[in-house]
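Under our numbering, the first residue of the sequence shown is numbered 2, with each subsequent residue one higher.
Glycine included, C-beta positions come from ideal geometry on N, C-alpha and C.
In what follows, a single structure is set out as structure tokens and then discussed.
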Amino acid sequence: MKRRDFVKKATLSSLAIIIGTEIVFGSNMLEGYDPLAVQDPDPFKMFNKNKEMIVLNDKPWNIEAQAHLLDDKITPNSKMFIRNNGLVPEDIDAKSWTLTIDGESVIKQKTYTLAELKSKFEQHSYQLTLECGGNGRSEFNPPAKGNQWTVGAIHCATWTGVRLRDVLEDAGIKNDAVYIGYHSTDVHLSRNPEKEPISRGAPMIKSLQDETLLAFKMNGKDIPLVHGYPLRLVAGGWPASVSGKWINRISIRNKIHDGTKMIGTAYRVPCEPVAPGEKVKDEDMCIIESMPVKSLITYPKSGATIKEGAPLKIRGHAWAGELEVSKIEYSIDFGATWEECPIEKPSNRLAWQHFSATVDFPKKGYYEVWARATDKQGIVQPMLLPGWNPKGYLNNACHRIAVKVK
Ligand SMILES: Nc1nc2c(c(=O)[nH]1)N[C@H]1C(S)=C(S)[C@@H](COP(=O)(O)O)O[C@H]1N2
Ligand SMILES: [Mo]
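Structural data, given as structure tokens:
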């Protein structure tokens, strides 16, 4: 979009959100005038992000964290990755926002205002791990197209809202329901209003879980605009693409939802392993559901130098989609031996779990500290890349940091 159209379309209040503060004499601006701050937007200011976040794309905005930024137990907004498939919606008015429940398998189509959702249904809060299906994509070979996420497309924030289940049941779910599909108000990159940037969903079993929320708060405050204000679906442990932002419609489907990015290679992987670079037929691709077991060392930052004889405290998080993580180990000898370290219970189902350890190094020199998690079913993270797939999803290889002992 041209900046000019953008300013014309945006009201002073949405300009204020973009710039991060009120334009004091904004009402004097000439029609079609572009404030300088909008001509060259600063994503860090615009989205309130930490300066060490990494911008992978500005059209649409895609911004990732670095491992050491994710050290908090609950990720603050400033360190949450942004993944947009289209343009952030403008001029959102929460007062007039509605959510419609429709579809082949709804008993009675219903529309709720935000205020109705908040007053009619019980509210719940959960810490939910949301990881982009493409997190780790940058390591695949042959390379996969798309944002080259390294390790930072993951966050675990506290989300507050009402249960999707309660709302779907209020409208009524027919016996033949198999899936839900969300619809949102973000704008397709082409600006064609007929096209949706993304419209995904989840099977009924995931949609009806206690922790699957229609959220209106993140970390106790209104959800930041770029993360889905004023209403967002959150489905922890599944590819974060299931967690639709800016949603205004949910369809209860009598078949697998067939919205944008549900078909072809999008958020799908070969049902059976394939050789790197192999062409895979659509019908041999399966929709990604629960994310695989994974972990991240968030302290210290890779490249740390420590004194000989001083033990190093490391810490991080581990998660395993729908499952709990049962074990975390670290290695300082490239995986020849592993040492188990304590891992905390999740604060609720689908929240990531924290680990810490004190590491001793035998002598001066260069080391790598590797972490490896095992889920409740005994599945262990691979040390290097897992199975290649056309779009580079589900890279749950072990994370490691470099440490020098001097
Ligand atoms: N409406 C809408 N919802 C969306 C997206 C989007 O582009 N539009 N991106 C999805 C993808 S692919 C991911 S990984 C997460 C990212 O959530 P975040 O930007 O809050 O971190 O939102 C999901 N929900
Ligand atoms: Mo994603």
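{"Check": "Environment of Ile-83 [buried if 16+ CB atoms lie within 10 Å]", "Outcome": "buried"}
{"Check": "The stretch 222-241 touching the stretch 196-213, judged by at least three CB pairs closer than 8 angstroms", "Outcome": "yes"}
{"Check": "Bounding residues of the beta strand (DSSP E) (the contiguous stretch that carries Val-235)", "Outcome": "233-235"}
{"Check": "Short Cβ contact (8 angstroms threshold) for Ile-289 with Pro-240", "Outcome": "yes"}
{"Check": "DSSP three-state assignment for Ala-158, whether helix, strand or coil", "Outcome": "strand"}
{"Check": "Near ligand 1: Lys-246 beta-carbon under 7 angstroms from a heavy atom", "Outcome": "yes"}
{"Check": "Where Phe-45 sits in the DSSP three-state scheme", "Outcome": "helix"}
{"Check": "Minimum C-alpha distance to Ala-68 - residue among Lys-146, Ala-38, Leu-131 and Thr-151", "Outcome": "Thr-151"}
{"Check": "Any non-hydrogen atom of ligand 1 within 7 angstroms of His-69 CB", "Outcome": "no"}
{"Check": "Cβ contact check for the stretch 266-275 and the stretch 283-300: 3 or more pairs under 8 angstroms", "Outcome": "yes"}
{"Check": "8 angstroms Cβ cutoff, Trp-62 in contact with chain B", "Outcome": "No chain B appears in this structure, which consists of one protein chain only."}
{"Check": "Own chain, CB closer than 7 angstroms to Thr-12, minus 5 neighbours either side, in chain order", "Outcome": "Asp-92"}
{"Check": "Ligand 1 heavy atom lying under 7 angstroms from the CB of Met-81", "Outcome": "yes"}
{"Check": "Short Cβ contact (8 angstroms threshold) for Lys-377 with Glu-325", "Outcome": "yes"}
{"Check": "Expected contact under 8 angstroms - CB spacing of Glu-197 and Thr-261 to nearest Å", "Outcome": "5 angstroms"}
{"Check": "Proximity test, Ala-305 beta-carbon vs ligand 4 heavy atom, cut-off 7 angstroms", "Outcome": "By its list of ligands, the structure shown excludes ligand 4, since it contains just ligand 1 and ligand 2."}
{"Check": "Beta-carbon proximity list for Gly-366, same chain, < 7 angstroms, skipping 5 on both sides", "Outcome": "Val-406"}
{"Check": "Given Glu-409 as reference, the closest of Lys-218, Gly-322, Asp-361 and Leu-129 once Cα atoms are compared", "Outcome": "No answer is possible for residue 409: the residues shown for the chain start at 2 and end at 407."}
{"Check": "Where Ser-139 falls: helix, strand or coil (DSSP)", "Outcome": "helix"}
{"Check": "heavy atom of ligand 2 below 7 angstroms from Arg-84 C-beta", "Outcome": "yes"}
{"Check": "Cβ-heavy atom distance, Cys-157 to ligand 1, below 7 angstroms", "Outcome": "no"}
{"Check": "Under the three-state DSSP convention, the category Asn-63 falls into", "Outcome": "strand"}
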